[in-house]
Amino acid sequence: MGILTPVAIKIGAVSWMPKLLPQIEKWDTRLQRVSNGRLSALDIAGLPNITLTVPGRKSGVPRSTPLLCVPQDGGWLIAGSYFGAKRMPVWVLNLRACEKAEIIYRRKTIEVSWREVTGAEREQAWQRMLAVWPNFAVYEKRTERTIPVFFLSPIASGS
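Quick note: the sequence shown uses the numbering used here, first residue 14, plus one each step.
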């Protein structure tokens, strides 16, 4: 957590934030490009993050999305919250359609496998995620959909 994390938490909870997501994503992509991947909006906020790259389920074109993550047991937890928007984030649909993905974590590119976390394990993971980003509870109240949680595991080289 960083000095700006409390500010980020307040901003992340505002009700109109889902409407700004396309602009935030474009700004964050530009920030990452001009910093050669050294800085993202989540870095500025002092939050752990990855950039997830998965092929588009229809086009096959790789799509990259910066995401808040929670490092756990040598892997990463991520949630398809989309600030509590009604629709599912596209990256969730793309991830579900592929077998493996790629992430950038701390400027290292890592191939990962994934699984969707359900049941009691999801509840435990959700509590860990809430400890890092309390706004997940706000997002959960905003939407009728169940926010999916995924665990990403690094794939050993040569596997």
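Backbone N, C-alpha and C fix where the C-beta goes; we use that ideal spot for every residue, glycine too. Nothing here was measured: the structure is a model prediction, and the numbers come from that model.
I168 versus V162, K113 and R141, residue with shortest Cα-Cα distance: Out of V162, K113 and R141, K113 has the C-alpha closest to the C-alpha of I168.
For the pair the segment 96-109 and the segment 151-169, tell me if three or more CB-CB distances fall below 8 Å. Contact between the segment 96-109 and the segment 151-169 is present: three or more C-beta pairs spanning the two stretches fall below 8 Å.
Cβ pair A92, M30 closer than 7 Å: Contact: no.
Assigned exposure category for N107 - 16 Cβ within 10 Å defines buried: Residue burial annotation: N107 is buried, with at least 16 other C-beta atoms found within 10 angstroms of its C-beta.
Bridge partners - T66, DSSP secondary structure assignment: Bridge partners of T66 according to DSSP: S77 and E115.
Considering only the beta carbon of each residue, do V162 and V130 sit closer than 7 Å? Using a Cβ distance threshold of 7 Å, V162 and V130 count as a contacting pair.
Quick one, which of R119, E115, G132 and W127 has its alpha-carbon nearest P68's? Selected option, being the one with the closest Cα: E115.
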